[in-house]
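Input: a single structure, listed below in structure tokens.
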Amino acid sequence: MITVEHLTKCYGDFLAVDDLSFEIEEGHVYGFLGPNGAGKSTTMNIITGCLSATSGRVRIDGHDIFEEPGAAKRLIGYLPEQPPLYLNETPVEYLRFVGEAKGLRGGALERQIAEVVEQTRLTGVRHRCISALSKGYRQRVGIAQALLNEPEILVLDEPTAGLDPKERVRLRNLLADLAKDRIVLLSTHIVSDVESIADRVFLMKQGAFVLEGTVAQLVEKMQGRVWEYAVPDHLVHRAEQEYAVANLRHEGGQTVLRIVADAPPGPEARACTPVLEDLYLYHFSGETEAQ
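As structure tokens, this is what we get:
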């Protein structure tokens, strides 16, 4: 279990993480969802012991990440947004290096390398140079190194960013499978990733949680706030300036807009069944993402 109490991180006058408190339990996938600059990566770096906190506590299965870092970190496998891969090595060579850094030796090391290669479906490329692998396979290598030493918790920062749709689906399926007997915590700004595999979602904005719950619970909050509204083609631009428009399609000389708003945008507007993307747009439309 991960227990976070009143976690805060400041950089000078900038509040990056704002008094977060939550608990995470085994056997589930948890998603931090929010735009770039929301505080997701900072929170993960603190949870994994890679970054200090200004205040607050993080306990990993009862071990304080700041006071007992060795015991706490042994329970965590971490994939940062930019995996530190050695491109001139093969996956097996790289995994052997990481495994030795984690204290594995001899037969135990070789056994675990074989297991994580199979788990992450790297068998066919295990002896190929990492520089020759696709980004999807490189992400698999990153996940494989996180699995070494059999961690109870996997923390993955933007694991599907930059992948093509086919690779993204494959990686999501892998993460869902890995969550059977451990905690998986991922951060992303890609709504479909969270919608597909997360059991519980934390919607994050400006260092704080705006909402949290299951996908179904969050989507339910958008009932009566999503509309289809047809406008003449020449009024589309004006509508996009006035409302959060999720998508549009052209029908019979008019444009049908999917609009996210608290009230119907016009007398002919028709209420629609909401999805998680509507919730994301409701909270983040018009917000400039930090880089």
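Heads up: the sequence shown begins at 135 in the working numbering, then just goes up one per residue.
For every residue, glycine included, the Cβ atom is placed at its ideal position computed from N, Cα and C.
{"query": "Validate contact between the region 359-374 and the region 322-339 using beta carbons, cut 8 Å, 3 pairs", "result": "no"}
{"query": "Same chain only: Cβ atoms within 8 Å of Tyr164, ignoring 5 sequence neighbours per side", "result": "Ile158, Ile317, Val318, Leu319, Leu320, Ala332, Asp333, Arg334, Val335 and Phe336"}
{"query": "Nearest-angstrom beta carbon gap, Leu141 and Gly204 [assumed within contact, 8 Å]", "result": "At roughly 21 Å, the Cβ-Cβ gap does not stay under 8 Å, so Gly204 and Leu141 are not in contact."}
{"query": "Top-ranked residue by Cα proximity to Leu389, from Asp367, Tyr377 and Ala403", "result": "The displayed chain sequence assigns Thr, not Leu, to residue 389. That would be Asp367, whose Cα lies nearest to the Cα of Thr389."}
{"query": "Coarse secondary structure for Lys355, derived from DSSP in three states", "result": "coil"}
{"query": "Straight-line Cα distance separating Glu227 from Thr177", "result": "31 Å"}
{"query": "Identified DSSP bridge partners for His197", "result": "Ile194"}
{"query": "Neighbour-count burial assignment, Asn179, 16 or more Cβ in a 10 Å radius", "result": "buried"}
{"query": "Secondary structure of Asn381, DSSP reduced to three states", "result": "strand"}
{"query": "Unbroken stretches of the beta strand (DSSP E), 3 residues or longer, contained in the region 143-184", "result": "148-158 and 163-167"}
{"query": "Whole-Å CB distance - Leu352 paired with Leu413, under 8 Å assumed", "result": "5 Å"}
{"query": "Alpha-carbon spacing of Glu139 relative to Arg262, whole angstroms", "result": "44 Å"}
{"query": "From Arg274, Arg239, Gly240 and Gly241, residue whose alpha carbon lies closest to that of Arg255", "result": "Arg274"}
{"query": "Simplified DSSP assignment, three categories, for Gly341", "result": "coil"}
{"query": "Span of the beta strand (DSSP E) around Arg302", "result": "Not the beta strand (DSSP E): Arg302 falls in the alpha helix (DSSP H), residues Pro299 to Leu312."}
{"query": "4 or more residues per run - each alpha helix (DSSP H) lying fully within the region 199-230", "result": "203-207"}
{"query": "Reduced DSSP category for His140 - H, G, I as helix; E, B as strand; rest coil", "result": "strand"}
{"query": "Under 8 Å between C-beta atoms of Gly211 and Leu281", "result": "yes"}
{"query": "Alpha helix (DSSP H) segment containing Asp412, residue limits", "result": "Leu410 to Phe418"}
{"query": "Element boundaries [alpha helix (DSSP H), containing Ala280]", "result": "Lys269 to Leu281"}
{"query": "N-terminal and C-terminal residue of the alpha helix (DSSP H) that Ala364 is part of", "result": "It is not in any alpha helix (DSSP H) - Ala364 instead sits in the beta strand (DSSP E) that spans Val360 to Pro366."}
{"query": "Ile331 in three-state terms, based on DSSP", "result": "helix"}
{"query": "Ile324 - DSSP class collapsed to helix/strand/coil", "result": "coil"}
{"query": "Close beta carbons around Ala206, own chain, < 6 Å, minus the five adjacent residues each side", "result": "Ile194, His197 and Ile199"}
{"query": "Beta-carbon spacing of Leu415, Ala373 below 8 Å", "result": "no"}
{"query": "Neighbourhood of Phe418 by C-beta, 6 Å cutoff - its chain only, sequence neighbours within 5 removed", "result": "Pro169"}
{"query": "Check whether Glu223 and Ile277 have beta carbons under 8 Å apart", "result": "no"}
{"query": "Residue range of the unbroken alpha helix (DSSP H) whose run includes Ile264", "result": "Run containing Ile264: none; DSSP gives neither H nor E here."}
{"query": "Check whether Asn283 and Lys314 have beta carbons under 8 Å apart", "result": "no"}
{"query": "Buried/exposed call for Ala405, threshold 16 Cβ in 10 Å", "result": "exposed"}
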